[in-house]
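Everything in the sequence shown is counted per full-length UniProt numbering, starting at 14 for the first residue and increasing by one. Report on one structure; see the data block that follows.
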Amino acid sequence: NDLTQGSVSVSAPSNIALVKYWGKKENQIPANPSVSFTLSHCKTITTLAFAEKNNDGSFSFELLFDGRPKDDFKPKIEKFFERIQAYVPFLKKYHFTIDTRNTFPHSSGIASSASGMAALAVALMQVERQLSPEINDDYFYRKASFLARLGSGSACRSVRGDVVIWGAHADFPESSDSYGLAFPHPIHDNFRQYQDTILLVDKGKKEVSSTVGHDLMHGHPFAAQRFSQAHHNLSRLSVVLQNGNLEDFVSILESEALTLHAMMMTSMPYYILMKPHTLEIINRIWAFRKHTGIPVCFTLDAGANVHVLYPENVSVEVLDFIKTELVGYCENGQYICDTIGHGAELI
Ligand code: PMV
Numbered sequence: 014n015d016l017t018q019g020s021v022s023v024s025a026p027s028n029i030a031l032v033k034y035w036g037k038k039e040n041q042i043p044a045n046p047s048v049s050f051t052l053s054h055c056k057t058i059t060t061l062a063f064a065e066k067n068n069d070g071s072f073s074f075e076l077l078f079d080g081r082p083k084d085d086f087k088p089k090i091e092k093f094f095e096r097i098q099a100y101v102p103f104l105k106k107y108h109f110t111i112d113t114r115n116t117f118p119h120s121s122g123i124a125s126s127a128s129g130m131a132a133l134a135v136a137l138m139q140v141e142r143q144l145s146p147e148i149n150d151d152y153f154y155r156k157a158s159f160l161a162r163l164g165s166g167s168a169c170r171s172v173r174g175d176v177v178i179w180g181a182h183a184d185f186p187e188s189s190d191s192y193g194l195a196f197p198h199p200i201h202d203n204f205r206q207y208q209d210t211i212l213l214v215d216k217g218k219k220e221v222s223s224t225v226g227h228d229l230m231h232g233h234p235f236a237a238q239r240f241s242q243a244h245h246n247l248s249r250l251s252v253v254l255q256n257g258n259l260e261d262f263v264s265i266l267e268s269e270a271l272t273l274h275a276m277m278m279t280s281m282p283y284y285i286l287m288k289p290h291t292l293e294i295i296n297r298i299w300a301f302r303k304h305t306g307i308p309v310c311f312t313l314d315a316g317a318n319v320h321v322l323y324p325e326n327v328s329v330e331v332l333d334f335i336k337t338e339l340v341g342y343c344e345n346g347q348y349i350c351d352t353i354g355h356g357a358e359l360i
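Put into structure tokens, the structure is as follows:
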């Protein structure tokens, strides 16, 4: 098959880790396995146009963000292309125009690298499929996740599935360090339409980039303990996702979030990535849970924003609580309501 030009459009969501990935080896190989909920509303939408050029041995692309040239993202894409070129033979054959936008506000403090890299990886696979129509879905999504990982580790969990495991784990024979695997067992109804309300406590740029953060785990005094704990928590969470025990879900999730932050507080150099409002929110969630018995909990990424997670059947009560007690701690009162989703879509 020979194509001189064309264009593909893809959307890919963000994801929120339940068991956290923190620490990596060479080639974006995770130091421990992780698992995430795929989100639904926080997405990147990318149109990738390609036009044949002379294969002069270099990459050629332009980048548009919200329809305008965005040169400060170019080095990231250049680096991504370098990492994936061995697997994508047509990369130097085309000039690409990457036209991308996010459904969530830019500089909201929500990392767009997972959704952005997943969308670009799936778009590249769409081009590969046009060149080689015989490739099947399994190969398509597995390789898309593999490529996304080389862009940003956690991006490999944004390609396919509502609950995605990344990293080899003894309980999951098909799991891999190289790409994400959709959770292979049926998930309990309690987790259907699970809600994630993201409270934007600090919309600034991340204080510590995830690259620097992962590096802090090299030589970290508690690294070995942490990595084995992640294996253990993934085993426990796997049981919970199948039996629907929300009390255990809450305790695994919150412990994972606090452990991630504990790793940063005990590294050298050390960081505190929570803000006073992050702590206020956590305390309010604990008080509300104790008072009402509603199994709402929080998780955190490597920053100050709080993800509030709860089952769909209590969303009226929890949203009311969020609006009356928590919104005041958000920057400009901003928060985003999301729910569990299914992964990338071809548009
Ligand atoms: O994909 P990266 O390199 O940006 O790392 C993401 C790390 C965390 O968001 C803190 C945890 C995770 O598993 O997503």
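Glycine is no exception: its CB is placed at the ideal position from the N, C-alpha and C atoms. Keep in mind it's a predicted model, so treat the numbers as computed, not measured.
{"Check": "Secondary structure of Asn-35, DSSP reduced to three states", "Outcome": "The residue asked about is misnamed: residue 35 is Trp in this sequence, not Asn. Coil at Trp-35, not helix or strand."}
{"Check": "Best match in Pro-324, Cys-350, Val-172, Phe-78 for proximity to Lys-336 [C-alpha to C-alpha]", "Outcome": "Cys-350"}
{"Check": "Asp-261: CB within 7 Å of a non-hydrogen atom of the ligand PMV", "Outcome": "no"}
{"Check": "Any non-hydrogen atom of the ligand PMV within 7 Å of Ser-165 CB", "Outcome": "yes"}
{"Check": "N- and C-terminal bounds of the alpha helix (DSSP H) containing Gln-206", "Outcome": "Note, Gln-206: premise wrong, no alpha helix (DSSP H); not H, not E."}
{"Check": "Per-residue DSSP class, three states only, for Gly-232", "Outcome": "coil"}
{"Check": "Helix, strand or coil at Phe-240 [DSSP, three-state]", "Outcome": "helix"}
{"Check": "Near the ligand PMV: His-231 beta-carbon under 7 Å from a heavy atom", "Outcome": "no"}
{"Check": "Residue-level contact to chain C via CB, Cys-310, 8 Å cutoff", "Outcome": "Protein chains in the displayed structure number just one, and chain C is not present."}
{"Check": "Any non-hydrogen atom of the ligand PMV within 7 Å of Ser-158 CB", "Outcome": "no"}
{"Check": "Runs of alpha helix (DSSP H) wholly within the UniProt domain \"Mvd1 C-terminal\" (211-338) (minimum 4 residues, chain order)", "Outcome": "223-228, 236-256, 259-278, 289-305, 328-334"}
{"Check": "Inter-residue Cα distance where the pair is Val-214 and Leu-250", "Outcome": "28 Å"}
{"Check": "Counted within 10 angstroms of its Cβ, other Cβ atoms place Leu-31 as buried (16 or more) or exposed", "Outcome": "buried"}
{"Check": "DSSP-derived helix/strand/coil call for Ser-158", "Outcome": "helix"}
{"Check": "Given Asn-115 as reference, the closest of Lys-218, Asn-67, Thr-57 once Cα atoms are compared", "Outcome": "Thr-57"}
{"Check": "DSSP-derived helix/strand/coil call for Glu-147", "Outcome": "coil"}
{"Check": "DSSP-derived helix/strand/coil call for Glu-91", "Outcome": "helix"}
{"Check": "Contact test: His-227 Cβ vs the ligand PMV heavy atom, cutoff 7 Å", "Outcome": "yes"}
{"Check": "Straight-line gap, Gly-346 to Glu-338 (C-alpha atoms, nearest Å)", "Outcome": "11 Å"}
{"Check": "Contact test: Lys-33 Cβ vs the ligand PMV heavy atom, cutoff 7 Å", "Outcome": "yes"}
{"Check": "Counterpart residues of Lys-56 in DSSP-defined beta bridges", "Outcome": "Pro-26"}
{"Check": "Spatial distance of Gly-61 from Ile-360 (CA atoms)", "Outcome": "Sequence inspection shows Leu at residue 61; the Gly mentioned does not correspond to that position. If you take the alpha carbons of Leu-61 and Ile-360, they lie about 12 Å apart."}
{"Check": "Closer than 7 Å: Asp-215 CB and nearest the ligand PMV heavy atom", "Outcome": "no"}
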